[in-house]
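**Student:** Residue numbers (the numbering used here), protein chains in the order written: chain A, 33 to 208; chain B, 3 to 300.
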């Protein structure tokens, strides 16, 4: 048997129809893998949501209508001549404004998996008068124990002269 | 896992005779691809964030794939051609992709397993049945895991926030409670409690996940499959009174039909095709009902 014939025979054996199964072995394995994925991913999804504050309605976990996902409140603060003030998104250049809008949407879906580093970089580039920048993300959740709204805030701080990354991360929770 | 063992496990949810599996899979193939094409046109009509030209091209491609399912000799190629288009659509919409799309993608992925010689039809149908039961199970399980149904908290929140939920549950709640829930601001910390004293309301909230989990389990044994599928169909329709997500209801309803002892009625596909055609025409403003179609296809 030549090498080509041997390979053909191996391929044929790999894709052989399983007796009584009306399906080749590879088809059965792929179908089973997809079913296992659908069985396990929603459980992993629950863990991911708990760890990242992502939106339960997204990422294919089939957890829609399980918990509310109110809109996020994203506020940008800048240090201008020693004074901390809120940055009005309307005053930003179009690309920085678009990046901020995209961040809000993606952060709502991905939670802490989506960091605002690119937004901060664009805003610092667009506003040279700002020496420091903070992006504060407030997420509301319905607390199962009290059935009241709870705010979770996370602050990402950036220094123009320092490395453009998170210097301080703080989560403050307002417990009802 | 050895293939024969996997085959036996897959057959737990299905296990139909080859001829019946063939008929069911043919109907599902037509439906799922028709659904994908209609959904793409609706995205084109309503979605402002995606590139319209690329979206239109994908909608045309999926429409052609749906058309291909009516040609018996080429039908098995349709999901194989549609799958890459769906993957591209996933890349466009991620991470905002909704769960309906993931379900559609999984279905097309399984349908794409069937070869031109139709080998693998039973395996694909069995896996589709498993996926349907698992999605129903996880729908219920997630409600338990998030802990917002035991005293009706999530539904109380939705009653306060959305008119459609308020309409459905108004008859289970005192007027004062509906007004109180509507008065809370979900963006203000400390607002609540999103709880009500109405026992029927709390029972209804608990019934939702209990039924989802129970029916998902009962879809598996052959003895209980038909009644469980019929009850699940009713449950999906009842949930849509509040959720009003027509697209998902139609997709999931058709998947549930695969559990019935007979293939779906022949008339169903033309009726659904007409419904999709009207939805698309309405979405583009050519027929009345644009707002309704937009509201029921979030």
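Note that beta-carbon positions come from the ideal geometry of N, C-alpha and C, so glycine has one too.
1. Using a Cβ-Cβ cutoff of 8 angstroms, what residues of the stretch 119-130 of chain B are near chain A? List them in chain order.
2. According to DSSP, simplified to helix, strand and coil, what is residue 123 of chain A?
3. At least one CB of chain B closer than 8 angstroms to the CB of residue 191 of chain A: is that the case?
4. Ordered along the chain, which non-local residues of its own chain (more than five positions away) have a Cβ less than 6 angstroms from that of residue 220 of chain B?
5. Determine the chain A residues that contact residue 132 of chain B at a beta-carbon separation under 7 angstroms, and present them in chain order.
6. Please determine, among A:126, A:183 and A:73, the residue with the shortest C-alpha to C-alpha distance to residue 158 of chain A.
7. How would you call residue 150 of chain B, buried or exposed, if buried means at least 16 neighbouring beta carbons within 10 angstroms?
8. For the beta strand (DSSP E) containing residue 108 of chain A, list its first residue and its last residue.
9. Only counting the same chain, and skipping five residues up and downstream in sequence, which positions put a Cβ closer than 6 angstroms to that of residue 81 of chain A?
10. Is there a Cβ from chain A that is less than 8 angstroms from the Cβ of residue 255 of chain B?
11. So which residues on chain A does residue 108 of chain B lean against when the C-beta distance must stay under 7 angstroms?
12. Nearest to residue 128 of chain A by alpha carbon, out of A:105, A:142, A:149 and A:100?
13. Show which residues of chain B have a CB atom less than 7 angstroms away from the CB atom of residue 94 of chain A.
14. Under a Cβ-count criterion, where at least 16 other Cβ atoms within 10 Å of its own Cβ denotes burial, should residue 9 of chain B be classed as buried or exposed?
15. For a contact meaning CB atoms closer than 7 angstroms, what does residue 196 of chain B contact in chain A?
16. Would you mind sorting residue 214 of chain B into buried or exposed? The rule is 16 or more other CB atoms within 10 Å of its CB.
17. Counting contacts by CB-CB distance shorter than 8 angstroms, is residue 105 of chain A in contact with chain B?
18. I believe residue 12 of chain B touches residue 114 of chain B by the beta-carbon criterion, under 8 angstroms. Please report the beta-carbon distance rounded to the nearest angstrom.
19. Are residue 30 of chain A and residue 77 of chain A closer than 8 angstroms when you measure CB to CB?
20. What are the boundary residues of the beta strand (DSSP E) that includes residue 164 of chain A?
21. Identify the residues that DSSP records as bridge partners of residue 115 of chain A: which are they?
22. In whole angstroms, what separates the C-alpha of residue 136 of chain A from that of residue 105 of chain A?
23. Identify the continuous alpha helix (DSSP H) that holds residue 54 of chain B and give its terminal residues.
24. Which runs of the alpha helix (DSSP H) fall wholly inside the stretch 61-121 of chain B and span at least 4 residues, in chain order?
25. Residues of chain B with CB closer than 9 angstroms to the CB of residue 138 of chain A, please, in chain order.
26. State yes or no: is the C-beta of residue 193 of chain B within less than 8 angstroms of the C-beta of residue 181 of chain A?
27. Based on the DSSP secondary-structure assignment, which residues constitute the bridge partners of residue 178 of chain B?
28. Which residues does DSSP pair with residue 190 of chain A in a beta bridge?
29. If contact is defined by three or more beta carbon pairs under 8 angstroms, each pair taking one atom from either stretch, is the stretch 151-171 of chain B in contact with the stretch 38-58 of chain B?
30. Taking residue 120 of chain A as the reference, which of A:114, A:90 and A:165 has the closest Cα?
31. Using a beta-carbon distance below 8 angstroms, is residue 77 of chain B in contact with chain A?
32. So residue 159 of chain B contacts chain A; which residues on that side make the cut at Cβ distance below 7 angstroms?
33. How about residue 248 of chain B: is its C-beta nearer than 8 angstroms to some C-beta of chain A?
34. Would you mind reading off the limits of the alpha helix (DSSP H) that contains residue 160 of chain B?
**Tutor:** Taking the definition as stated:
1. The residues in question are 121, 122, 123, 124, 125, 126, 128 and 129.
2. Residue state, collapsed to three classes: helix.
3. No, because no Cβ of chain B sits closer than 8 angstroms to the Cβ of residue 191 of chain A.
4. Contacts found: 226 and 230.
5. Per Cβ cutoff of 7 angstroms: 67.
6. Of the residues A:126, A:183 and A:73, the one whose Cα lies closest to the Cα of residue 158 of chain A is A:126.
7. Answer is buried; the Cβ neighbour count reaches 16.
8. It spans 105-112 - the beta strand (DSSP E) in which residue 108 of chain A sits, taken as one unbroken run.
9. Excluding sequence neighbours, residue 81 of chain A sits near 88.
10. No - not a single Cβ of chain A is within 8 angstroms of the one on residue 255 of chain B.
11. Per Cβ cutoff of 7 angstroms: 66 and 70.
12. The residue with the shortest Cα to Cα distance from residue 128 of chain A is A:149.
13. Under the 7 angstroms cutoff, chain B gives 101, 137, 140, 141 and 144.
14. Residue 9 of chain B is buried by the Cβ-count criterion.
15. In chain order: 174 and 179.
16. Residue environment: residue 214 of chain B is assigned as buried (16 or more neighbouring CB atoms within 10 Å of its CB, all protein chains considered).
17. Yes, because at least one Cβ of chain B sits closer than 8 angstroms to the Cβ of residue 105 of chain A.
18. Their Cβ separation, rounded to whole angstroms, is 16 angstroms, which puts residue 12 of chain B and residue 114 of chain B out of contact at 8 angstroms.
19. This structure cannot speak to residue 30 of chain A, because chain A is shown only from 33 to 208.
20. For residue 164 of chain A, the enclosing beta strand (DSSP E) covers residues 162-174.
21. Beta-bridge pairing links residue 115 of chain A to A:112.
22. When the Cα atoms are used, residue 136 of chain A and residue 105 of chain A turn out to be separated by approximately 8 angstroms.
23. Element bounds for residue 54 of chain B: 54-70.
24. Taking only runs of at least 4 residues, the alpha helix (DSSP H) segments lying wholly in the stretch 61-121 of chain B are 79-95 and 101-113.
25. The contacting residues are 97 and 98.
26. With a cutoff of 8 angstroms on beta-carbon distance, residue 193 of chain B and residue 181 of chain A are scored as near each other.
27. Bridge partners of residue 178 of chain B: none, in fact.
28. In the DSSP assignment, residue 190 of chain A forms a beta bridge with A:165.
29. Contact between the stretch 38-58 of chain B and the stretch 151-171 of chain B is absent, because fewer than three Cβ pairs lie under 8 angstroms.
30. Closest in C-alpha terms to residue 120 of chain A, from the list A:114, A:90 and A:165, comes A:165.
31. So no, residue 77 of chain B is outside the interface.
32. Those are 100 and 174, listed as they occur along chain A.
33. Residue contact check for residue 248 of chain B against chain A: no CB pair falls below 8 angstroms.
34. Annotation for residue 160 of chain B: the continuous alpha helix (DSSP H) segment containing it runs 155-163.
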